[in-house]
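Novice:
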Amino acid sequence: MVNLRYVSTLVALAVCFVPEWVKGTSYTLDDEIVGYKFYHAFEWQSIVDPTHGRVQYVDMATSIRHNLTYATKDTFVLRGDYQKTLPPSGPGRMSARIMSKQVYKKHVVVVDLRHMPQGCGTWPAIWETAIGNWPNDGEVDIVEGVNNMVPNAAALHTGPGCVMPPQEGRTHTGTAGQLECDAAVNHNTGCTVKFPSSPPSFGPPFNANGGGWFAMERSDEEGIKIWFWAREPRHDHGHGGGHHRRTEVSGHGGNGVPRDVKFGGRRVDPKSWVSPILYPSRPLFTIVV
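With mature numbering (1 follows the signal peptide of the UniProt record, and there is no 0) applied, the sequence shown covers -24 to -1, 1 to 265.
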């Protein structure tokens, strides 16, 4: 599920789903969604916002007609209207809420994101959920925030009985916040993990760095894990000061972006990646998803 309330732009280079478990360590590619393929892999939800935002979610035809959605062979753009002046009592700006047609169970998803909505009144989100029995079947928020909030905050939402253990002893680099995952508690805050302050994972700093890659693994064996690697420009100056070279780096101890994340391929191996930002510690934590 990709959800954009209000204004600004989301630019995705690719979304890859790799659901098949191989030899207990890696996953094989099932779907690679790039450019025009988004039109076939997702459906536009022209619905009243269930979270009561001031927004008009429109269908795909309307989104294309008003230039809120367009694609090239290697890029997909999704955005809200930012040109019209709206009356204070009006229904809100046209925007988009899209949902994948395919359903996945045990899987890894990798999102290559160049730009996300920013500014006052924006509420971008990328999340996965089951349809029909929310919140008992669970929800995982991979990317979510409002206005120019930084950094990104991931969250899990469930029915009663799920509590994330405290920060101590968990092998993740994020900072635990609310520990109660029950959607009926604390106004549906969910159990949350704030990303590290560096590299930039949300809002204007994320966009200024050219975006990055978000990844999530979900399996009975490994639980739920979320990673992020920034696409941060590093400039090397030659003898005249006029030469610049861009290299891809991540924010995890200087380690580079994994090749299977950066370049794609038939398989990904999360066990070879650095420590995740979010990991609710599977042996101590049961999620009803």
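Built from N, CA and C at the ideal position, the CB exists for glycine as well.
For residue 248, which residues of its own chain have a beta-carbon under 7 Å away from its beta-carbon, when the five flanking residues on both sides are left out?
Specialist: Within the same chain, residue 248 has close Cβ partners 234.
Novice: Could you compute how far the alpha carbon of residue 47 sits from the alpha carbon of residue 53?
Specialist: Going by the C-alpha atoms only, they are around 6 Å apart.
Novice: Just the C-alpha distance for residue 168 and residue 196, rounded to the nearest angstrom, thanks.
Specialist: Spanning the two alpha carbons is a distance of roughly 20 Å.
Novice: For the candidate residues 170, 102, 132 and 181, whose alpha-carbon lies nearest to that of residue 95?
Specialist: Selected option, being the one with the closest Cα: 181.
Novice: Where do the N-terminal and C-terminal ends of the alpha helix (DSSP H) with residue 146 fall, by residue?
Specialist: Unbroken run through residue 146: none, as it is neither H nor E.
Novice: Just how far apart, CA to CA, sit residue 106 and residue 93?
Specialist: Each residue's alpha carbon lies about 25 Å from the other.
Novice: Using only the alpha-carbon positions, how far apart do residue 124 and residue 253 sit?
Specialist: When rounded, the distance between both Cα atoms is 20 Å.
Novice: Which value, in whole angstroms, describes the spacing of the CA atoms of residue 246 and residue 198?
Specialist: Approximately 10 Å, taken between the alpha carbons.
Novice: Any heavy atom of the ligand SAH within a distance shorter than 8 Å of the CB on residue 17?
Specialist: By its list of ligands, the structure shown contains no ligand whatsoever, and the ligand SAH lies outside what it can speak to.
Novice: Is the CB-CB distance between residue -7 and residue 83 below 9 Å?
Specialist: Yes. Within cutoff.
Novice: Tell me whether residue 148 is buried or exposed, calling it buried when 16 or more other Cβ atoms sit within 10 Å of its Cβ.
Specialist: Classification for residue 148: buried.
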